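Going line by line, the protein sequences match chains C and F. Going by the numbering used here, the first sequence opens with residue 212, and the numbers climb by one from there. Going by the numbering used here, the second sequence opens with residue 3, and the numbers climb by one from there. A virtual CB, placed ideally from N, CA and C, is assigned to each residue, including glycine. Note that the coordinates shown come from a computational prediction; the quantities given were computed from them, not determined experimentally. These notes concern the structure reproduced below.
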Amino acid sequence: MLSLAAFVLCAASGVMLAPAFQTASPLDSLSLLLLKNPAGAYIRSFHYWSAQAFFGLTLAHMVEYLLRRAETRTNFGVWVRLGLAAPVIVGAMLSGFLLRGDSAAVQALPILRSLLGLVPVAGAALSRVLTGSDASLSTIYIHHVCTATLLIWLVTAEHARRLFPNARAVAWTLITLVPLSLVLAPGIEWRSLGVEIGPWYLAGLQEFLHWLPRPGIAVLLFGALLAVLIFLPKFPAAIRGRLKLGLATAALVYVGLTVVALGFRGEGWEWTTPGFHAAADPAFLSYRLLLPVEASLVAAAVPMIAGRREGCLACHAAMTGFAPAHSPERIGCSSCHEGNPFTLNPTLAHTGMTLTPGNLSLANRTCASPQCHLNVALRVQSSPMNTMSGVIAADKFVFGEAKNPDLHFNVAALRHTAADTHLRTLCASCHLGQDKPVPATVDELSRGGGCSACHLSYDAAAATELRNRPFSRAPLHHPQISIQIGEQSCFGCHSRSGRIATNYEGWHETLLEQIPARAEAGRYRVLADGRVFERQAADVHFDKGMTCVDCHVAAEVMGTATAESAAPTHAADAVKIACQDCHPTQSFPMREFSSLDAESQTIAALRKVNVPGRRFLASSSAVYTNVYSDSGGAPALELNGSAWMLPLKPVSAACTRAQAMHPRMECRTCHTAWAPQCVTCHTSYDPAAAAFDYVDGKERKGAWQEQGGDFLAAPPPLGVTRAREGGERVVPFAPGMILALDLPRKTVGVRSDLHRYFAAVSPHTASAKSRSCVSCHADPAALGYGSGRLEYVVRNGSAEWRFTPDFPLAPDGLPRDAWIRFLGQPSPDAAALGAGRPFTLEEQRRILLVGACLQCHKESETRMANVFTHFADYRAKLSRKCILPEWATSQGEVTIHAH
Amino acid sequence: MTPVSGQPRRSFLKAALAVAAAPALWLMNRMADRAASIPEAAQVAVTAPWDPRTGVRFFEQFITVTTESGVRVFSSTCTHLGCRIDHAEDGQLVCPCHGSRFSLTGSVVRGPASRALQPLKFEIDRGRATMRVFLRS
């Protein structure tokens, strides 16, 4: 009787809903119902719960019937019709689900059609007759409101022997469902989150289909179970008992599958942490209708944004600060901030809202949802700025946990080894995937934040409003989301480790704890984290007003991995820009806008530089939409954040001549003015101290501590690395790690090891003036011997190089700042982090042979310029004053050639 | 004349109803069949923006996969039960309904789907930076 009451009330509420529902726009009509029609929303909620009650009570009645063995006491014809009504009831429920027209419903329709099509013989006809043959829901609507309702009512009436329930049953049903419908109302699943779970009563079937290689088996199995149910009365009592046991077992298995689907399935139908999946049924999203809505809001306009009603804009339409691409008119609020766009009650609207949608942990639902920037986000996630692969690889190599420093790692997969805890507590805050806990302006202390780390910028009004939180009214100023990237976005992380951000601006980190008294103005700078920096020469590009993104354009910063190429391990592997792109030896490689790739075209359009006739710089590795030419002449670079144009200069004639003599060299080899070099670091572990684990986001016991030693700002040593295009290149190196590492032993005490690894670097201290010849050919630091006095001693007609180091010797016998032994063949241990090696003995001798010449001859002399190309001629006519080192006078032992 | 009892009359009426229902169902199916076979105004080809950069792009009815070895376009319909594939993970196309996984060449990496994604024909107009995808061959 209660079941009949629930059914009749469900049918009545359905009739009341009909005028508000549009089969042509089901989602929109339901959205408007929820947003603007409180009474309609309530009726829908009541319709939903009365249907659930009818379904649940019918199931319970069926079980009770079978337990009481009532199947034999029922007229067989009635029993058959009752059995056939079971799929009709499920169909009525499912059609109600489909009529929501939301993302789950849109996915459920083709599944239903496919399954119906698998019914033997009549499958195609069943699918067409029951669901129609196009995207329209009109056929399903007719069957929902008419066919199914009529059939269920007829069968129920025949079974109950009455058309209507009694007043008592109706009263009890109303007493239960009226408040329930007020407190919990079904919502709308308005977008795909990587997993679609159908209505709860079919979640078990969905899980079953996940495991089944052939879905037709499910159709046959459910058909067989239905046949067993229908023909149950015809079996002898003993077999009937067994069949009922089989049905009960099947039901239990189905319940188990349902629990698995609803509780343990996440994105991509992968296993996930236990918990009721909100996407399983939006009825549990708690749209509490009791919460009030301001009368003025009900009258406010709720615009249609990106195919959905955006209730947020009833309150937030006045917000300013957006760039056009991310304006609320285009993407609304909930695309990024989630929450509930289908209510006008502020509490409910803000439930489930995120304030930091740029975090990569949320990106699959926000910035990187399939409708937005999925591809870009996939690339960004594989970028070394997110994986920290290079940092981890080097660290684990030095800690003896990786066989070589080029293995690929991801910070998200760090465990708890010695190196892992070192990284977790000292390094892991500096990666894009580090979640930003609360909205914040970007400053020197900023870390992580995913997309918003770079793309979110606060103007004064937005920053002021942010400081005045919590808001007493709807905020009016939103930070801008755009491709205008400020230097501050890079500074926080890149002022550490290689310190390229501070190098670039001409600041060198010191060991000072505060600015010395009486220091001249402008010599020192204290960063927000307390580190004191001293003035050095800034990079020439910084002096010209260029910022990081003027060179490091989207093509490399946003990740370079492709579907078929591995994610880069080291940051250097991801760098695409080359000095020659802007300073070519020949003509500038320019291209028309129409020939650029789509992403570059989009960026050019966003920058508003896609002027007709304009040509853009496009090297073989990257397109620079910020470098263009209108007249066909030399292009100019539009400085980031300003309209100032910087004319580009081809490489100078002097460089071309030097390059001819040094074909293995890159621009940075000569034009790097200085590099920070830390030479005596001591890293130890204190098991009693506490440290913050940036991966887990909590304090942990046991802390790694670093004591820095001498920190030099000097021209960097040189070494040899592999070029991207093949072959070898002589480039600057810096001590990646010269440290004493105290590793805790498993038993007692520590094991202290000295590690000496150099790494190829781009210190970002370019100067227009290049290094002198002497600074490489007769400089001990340049050759890797460490700083000191390198003398060319000529005595009694013979000569030799002598070296006196500045630093004392370390336990490995080398000066503390050295890479290799003076005029020695480097040992295999003298490795570099990443691809690279120090100079071989033969290379050292070649360099020092020129250095010997430079003892008397100035580098400006023509003969010094020609010595590389005409060495044999010069050697044949050496004057008696020219005393070469002994190892250079042996016939054929050392030759000078372009290197 | 022998009087006709009520029981045979009811049986006769039930049988007549069943006989009448059969052609009604046949007619209903026939009508639905006809409706489905009428040439639709629906598009057989759609035009979309063309992006030569590598990556996976999801559209309503198709998916484009651009790798260094070329471009592939697949129907976004999962070959298992017809869900729309709108999700990529770990370089694979993932169905949100039952978790079938497809490689970027369309082949099945993990079931329940057993058939590869349907490749679609397409034309690229580089000048206009557009692509025309033919939804039916």
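For histidine 893 of chain C, the beta-bridge partners assigned by DSSP are C:Gln918, C:Ala951. Counting along the chain, alanine 816 of chain C sits inside the alpha helix (DSSP H) bounded by residues 809–818. Note on histidine 1081 of chain C: under 16 other CB atoms within 10 angstroms of its CB, so exposed under the neighbour-count rule. For proline 98 of chain F, a Cβ of chain C is located within less than 8 angstroms of the residue's own Cβ. Put simply, the CB of tryptophan 290 of chain C is far from chain F, with every gap to its CB atoms at 8 angstroms or more. Contact annotation for tryptophan 480 of chain C against chain F: His100, Gly101 [CB-CB distance below 7 angstroms, chain order].
Along the length of the stretch 497–565 of chain C, whole alpha helix (DSSP H) runs at least 4 residues long occupy 506–510, 524–527, 539–542, 545–548, 557–560, reported in chain order. If only complete runs of 4 or more residues are kept, the stretch 679–749 of chain C shows the alpha helix (DSSP H) at 699–705, 711–716, in order along the chain.
Within its own chain, the residues whose Cβ lies closer than 7 angstroms to the Cβ of leucine 420 of chain C, once the five positions on either side in sequence are excluded, are Pro426, Ala429, listed in chain order. Note that the stretch 64–80 of chain F touches the stretch 111–127 of chain F; at least 3 beta-carbon pairs, one per stretch, sit closer than 8 angstroms. Residues of chain F with a Cβ closer than 9 angstroms to the Cβ of aspartate 313 of chain C do not exist, since the nearest Cβ in that chain sits about 13 angstroms away. Between alanine 847 of chain C and the set C:Val838, C:Arg1056, C:Ile353, the nearest pair of CA atoms involves C:Val838. Collapsing the DSSP output to three states places tyrosine 839 of chain C in a strand. Between leucine 468 of chain C and glutamate 418 of chain C the beta-carbon gap is near 4 angstroms, inside 8 angstroms, which marks them as a contact. As computed with DSSP, leucine 929 of chain C is found in a beta bridge with C:Pro943. In terms of beta-carbon proximity, glutamate 936 of chain C stays away from the interface with chain F, with every pair separated by 8 angstroms or more. Taking a beta-carbon distance threshold of 8 angstroms, leucine 122 of chain F does not count as an interface residue toward chain C.
According to the DSSP assignment, tryptophan 1012 of chain C belongs to the beta strand (DSSP E) that extends over 1009–1016. Distances from the alpha-carbon of alanine 884 of chain C to those of C:Ala605, C:Ser973, C:Ala871 put C:Ser973 closest. Counting every other CB atom within 10 Å of its CB across the protein chains shown gives lysine 607 of chain C a total of 16 or more, marking it as buried. In terms of Cβ geometry, alanine 1010 of chain C and alanine 1063 of chain C form a close pair [threshold 8 angstroms]. Inter-residue distance for alanine 579 of chain C and valine 587 of chain C is about 8 angstroms (C-alpha atoms, whole angstroms). With a threshold of 8 angstroms between beta carbons, asparagine 621 of chain C makes no contact with chain F.
Using a Cβ distance threshold of 8 angstroms, valine 96 of chain F and glycine 479 of chain C count as a contacting pair.
Secondary structure at glutamate 676 of chain C: helix, using DSSP grouped into helix, strand and coil. Take isoleucine 1031 of chain C, set aside five residues on each side of it, and the residues of its chain with a beta-carbon closer than 6 angstroms to its own are Gly995, Pro1037, Ala1041, Pro1049, in chain order.
Around the CB of glycine 908 of chain C, fewer than 16 other CB atoms lie within 10 Å, so the residue is classed as exposed. Boundaries for aspartate 127 of chain F: no alpha helix (DSSP H) harbours it, while the beta strand (DSSP E) harbouring it runs 123–127, taken from the DSSP string. Note that the C-beta distance between alanine 815 of chain C and phenylalanine 827 of chain C is below 8 angstroms.
When DSSP states are grouped into helix, strand and coil, histidine 873 of chain C belongs to the coil group. The continuous beta strand (DSSP E) containing leucine 848 of chain C extends over residues 847–849. Pairing alanine 833 of chain C with glutamate 877 of chain C gives a Cβ-Cβ distance that is not under 8 angstroms.
Secondary structure at leucine 1095 of chain C: coil, using DSSP grouped into helix, strand and coil. Against chain C, the beta carbon of glycine 84 of chain F has neighbours under 8 angstroms at Pro321, Ile322, Arg324, Ser325, listed in chain order.
By the Cβ criterion, the stretch 360–367 of chain C is in contact with the stretch 215–226 of chain C, since at least three pairs of Cβ atoms, one from each stretch, lie closer than 8 angstroms. Of the residues F:Val21, F:Asp53, F:Gly93, F:Pro98, the one whose Cα lies closest to the Cα of tryptophan 482 of chain C is F:Pro98.
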